[in-house]
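For reference, the structure is listed below as structure tokens.
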Amino acid sequence: MKPKTWILAARSGAHDSQRSAWIRAGGDAGSPSDDPEGSSLSAFGGQGRTPPRIPRMSIQAPRQPESRPSRRRRAIHHGLLALGASLGGAHACSPPPDAPQTKLAGEVRPKEKTRVLVAPIEVREMLRTLTTTTDVESKNEIEVFPRTAGVAVEVRVEEADRVEAGQVLAVLDQRDALAGLADAEMELRVARESRPKLAISKSDAEERVARAKLTWEQAVRDVERNEGAGLISQSELDRIALTRDQAFRDHETSKLAHATCVQDVKAGATAVDRAALSVERAKLMLSYTEIVAPFAGSIAARTIKVGDSVSAAASAFVLTDPENLRAIFGRPQRELPLFQRSRAGMNGEGGDPIEITVTAEAIPDVTFAGTIELISPTIDPTNGSFRITVALEQPTEESGRARLAPGMLVRLAIVTERHEKALVVPKRAVLREGDATVVFVIADGVAHRVPVREGFSNDASVELFAATPGGLNVGDLVVVVGNRDLEEGSEVIAEPWGEAAEADSTRADAGAAESR
């Protein structure tokens, strides 16, 4: 019987070495196929020897506490293993001597040149332009109201119809007005027919006055003759005197009657005039039943139809004159001297005349001229502005050109000053850095930062003045696209700026954004 033997097998793994002890009760050494894992352990006899057969039952020996020198040796062992592994890996991964050399992670790479789009500095005229928007108005546009109440029996025009001054637009029921006119005409006829009778009465009164005067004068002579002769009695003389006095009273009465007839004649004439006036008033009321155009123009709106009951409180039509148009707008009070000087220039009193160009969104690519008519001399205290009235050009219908219409929104470009020889660049070339304004000028493939001052501008271009003499020259190339990340002395690849180049740059930027 063979003695029992303690066998120690050591395994090395990724986490740590594990010690296991098996006790073997004896027996012959087994073949390699008896090893459940099919491997040979060098701890059982070295290279080429077969380890002993491991019994089915094994008892793990209790873990003994390691001493401090053992732990130190184990740590040193692991460190040497890690160092060897790293050196071996570096050797295995190192390229052959004839392989191309690659850049190390910390190596500084040369900065690539920036691709930019450039445009030359040009010389052209630049204008100082003030822009404003307002609505087109007709100089003659009114609401047409009926002059009297009634029922519309006829409407003779429609919207957009061209009418002349005095043309009838609609007719109201005229029966009451016609009856009133007939009554007034009858009164006039009666007044006129009474005048001959009054004239006859006046003539009769005049005749009575004359007879009474003769009677009175005869009675006066009889009294005077009898008093001087003394041939009649006193009683007879008194009778003759009484007759004289009665003739005097009859004469006075006849004069009063004549005066009354004269007044009756005058009253008759007045009655005729009054009756004639009533006829005119009746005719006027009859005319009010017809709604007429006060001036030539076009019907902008119709608000009544046949059968409607209308009154003087509601408009029936809107009449406008599309041939005489204007635009009224306000400007800040600080600009009043500018417009006054320009107004003086238009009147030949010195100053530069104002040029006004009018455009409408409804009529693209068409411009109209404008002329200042009125400049208000007062300032509105509520908003600090003053009013300007501009007469607008209106092409004739025969010209075939597009025409403005009242109510249309227009934009007015008011040219107040000109610079004929201005240095001009695209607006995109200008950078604002705080209070400073700069452009980048390209010379020999290098970007140079040039401080500038802005002048007049429009939608696409701006006039520039160099902060230092000679900083800008005609033909210099300024960066339009790609100037945001440039610095003084940056090397660039310059390409001409234009619509095609800008479109390509925009597509490239969009593609880069999508890839991100």
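Heads up, the sequence shown is in the working numbering, so the first residue is 1106 and it goes up one at a time.
No residue lacks a Cβ here, since even glycine has one placed at the ideal position from N, Cα and C.
- Pairing CB atoms from the region 1264-1277 with CB atoms from the region 1393-1408, are three or more of them under 8 Å? The answer is yes - the region 1393-1408 touches the region 1264-1277, with three or more Cβ pairs under 8 Å.
- From ASN1588 to ILE1493, what does the alpha carbon distance come to, in whole angstroms? In a straight line, the C-alpha of ASN1588 is about 43 Å away from that of ILE1493.
- Query: If VAL1463 sits next to THR1476, beta carbons under 8 Å apart, how far is it from one beta carbon to the other, in whole angstroms?
  - Reply: Taking C-beta atoms under 8 Å as the contact rule, VAL1463 and THR1476 fail to qualify, at a distance of about 10 Å.
- Message: Which same chain residues end up closer than 8 Å to ARG1506 when comparing Cβ atoms and leaving out the 5 residues on each side of it in sequence?
- Response: Closer than 8 Å at the Cβ level, and outside the excluded window around ARG1506, lie VAL1471 and PRO1500.
- Grouping DSSP H, G and I as helix and E and B as strand, with all else coil, what is VAL1262? VAL1262: coil per DSSP, three-state reduction.
- Task: Give me the Cβ distance between ILE1409 and ALA1421, rounded to the nearest whole Å; I'm assuming they're in contact under 8 Å.
- Result: With 8 Å as the limit, ILE1409 and ALA1421 qualify as a contact, their Cβ atoms being about 5 Å apart.
- Task: Go ahead and label MET1291 buried or exposed: buried means 16 or more other beta carbons lie within 10 angstroms of its beta carbon, across all protein chains shown.
- Result: Under this definition MET1291 is an exposed residue.
- Are the beta-carbon atoms belonging to THR1234 and ARG1516 less than 8 Å from one another? No.
- PRO1108, buried or exposed, once every other Cβ within 10 Å from all chains shown has been counted against 16: With a pLDDT of only 44 at PRO1108, under the threshold of 50, the placement of this residue in the model should not be trusted, and no figure is reported.
- Query: If you run the structure through DSSP and keep just helix, strand and coil, what is SER1403?
  - Reply: SER1403 falls in the strand class under three-state DSSP.
- Name the two residues that bound the continuous alpha helix (DSSP H) containing ASP1378. ASP1378: member of the alpha helix (DSSP H) spanning 1339-1393, first to last residue.
- Message: Let me confirm a value: ALA1625 is counted as buried when at least 16 other C-beta atoms fall within 10 Å, else exposed. Which label applies?
- Response: With the chain running from 1106 to 1621 in the structure shown, residue 1625 is simply not present.
- Bounding residues of the beta strand (DSSP E) (the contiguous stretch that carries MET1231): Here the beta strand (DSSP E) through MET1231 covers 1227-1243.
- Exposed or buried, which one is SER1199 when buried takes at least 16 other CB atoms within 10 Å? Residue placement at SER1199 is flagged as unreliable, the pLDDT there being 47, under the threshold of 50; a coordinate-derived value is accordingly withheld.
- On a CA-only basis, which of PRO1469, GLU1502, PHE1473 and PHE1444 is nearest ILE1459? Give me that one, please. By alpha-carbon distance to ILE1459, the top candidate from PRO1469, GLU1502, PHE1473 and PHE1444 is PHE1444.
- Message: Tell me whether the region 1220-1231 and the region 1376-1384 touch, counting them as touching only if at least three CB pairs, one residue from each stretch, are closer than 8 Å.
- Response: Remark: fewer than three beta-carbon pairs, one from each stretch, lie closer than 8 Å, so the region 1220-1231 and the region 1376-1384 are not flagged as touching.
- Message: Suppose you measure from the CA of GLN1438 to the CA of PHE1491; what does that come to, to the nearest Å?
- Response: Using only the alpha carbons, I get a separation of about 6 Å.
- Item | Residue interval of the beta strand (DSSP E) (run including ASP1470) | Residue range 1468-1480 is occupied by the beta strand (DSSP E) that includes ASP1470.
- With DSSP run on the structure shown, which of helix, strand or coil describes LYS1410? Note: LYS1410 maps to coil in three-state DSSP.
- Query: Between the C-alpha atoms of VAL1557 and ILE1480, what's the straight-line distance to the nearest angstrom?
  - Reply: If you take the alpha carbons of VAL1557 and ILE1480, they lie about 37 Å apart.
- DSSP state of ALA1465 mapped onto helix, strand, coil: Looking at ALA1465 - three-state DSSP - the assignment turns out to be strand.
- Helix, strand or coil: how does DSSP classify ASP1309 here? Judged by DSSP in its simplified three-state form, ASP1309 adopts helix.
- Task: Have a look at LEU1514, PRO1427 and LEU1283 and flag the residue whose alpha-carbon is nearest the alpha-carbon of PRO1469.
- Result: The shortest C-alpha separation from PRO1469 is found at LEU1514.
- Task: Measure the beta-carbon distance from VAL1325 to ARG1297 and round it to whole angstroms, keeping in mind my assumption that it falls under 8 Å.
- Result: In fact, because the Cβ distance is near 44 Å, the residues do not count as touching under 8 Å.
- Unbroken beta strand (DSSP E) run spanning GLU1498, endpoints: Note, GLU1498: premise wrong, no beta strand (DSSP E); not H, not E.
- Query: So, is LEU1347 buried or exposed, given that buried needs 16 or more other C-beta atoms within 10 angstroms?
  - Reply: Label assigned to LEU1347: exposed.
- Query: What's the C-alpha gap between SER1359 and ASP1288?
  - Reply: Pairing SER1359 with ASP1288, the inter-Cα distance amounts to about 38 Å.
- Query: What are the partner residues of VAL1221, as DSSP defines its beta bridges?
  - Reply: VAL1221 pairs with ALA1599.
- Query: Between the beta-carbon of VAL1597 and the beta-carbon of ILE1519, is there less than 8 Å?
  - Reply: Not closer than 8 Å, so no.
- Secondary structure at LEU1430, three-state DSSP: helix, strand or coil? Residue state, collapsed to three classes: strand.
- Tell me, to the nearest whole angstrom, how far the beta carbon of GLU1593 is from that of ARG1554; I am working on the premise that it is less than 8 Å. In this structure, GLU1593 and ARG1554 form a Cβ contact; the two beta carbons are roughly 5 Å apart against a cut-off of 8 Å.
- Query: Pairing CB atoms from the region 1273-1286 with CB atoms from the region 1391-1398, are three or more of them under 8 Å?
  - Reply: Taking one beta carbon from each stretch, the region 1273-1286 and the region 1391-1398 have 3 or more pairs nearer than 8 Å; the two touch.
- Message: Quick check on SER1447: does DSSP put it in helix, strand or coil?
- Response: Helix at SER1447.
- Query: In its own chain, which residues sit with a C-beta less than 8 Å from the C-beta of ILE1484, not counting the 5 before and 5 after it?
  - Reply: Hits under 8 Å: GLN1438, LEU1441, SER1490 and PHE1491.
- Task: Quick one: give me the first and last residue of the beta strand (DSSP E) that LEU1569 is part of.
- Result: Note, LEU1569: beta strand (DSSP E), 1566-1571.
- Item | Element boundaries [beta strand (DSSP E), containing THR1521] | Here the beta strand (DSSP E) through THR1521 covers 1514-1531.
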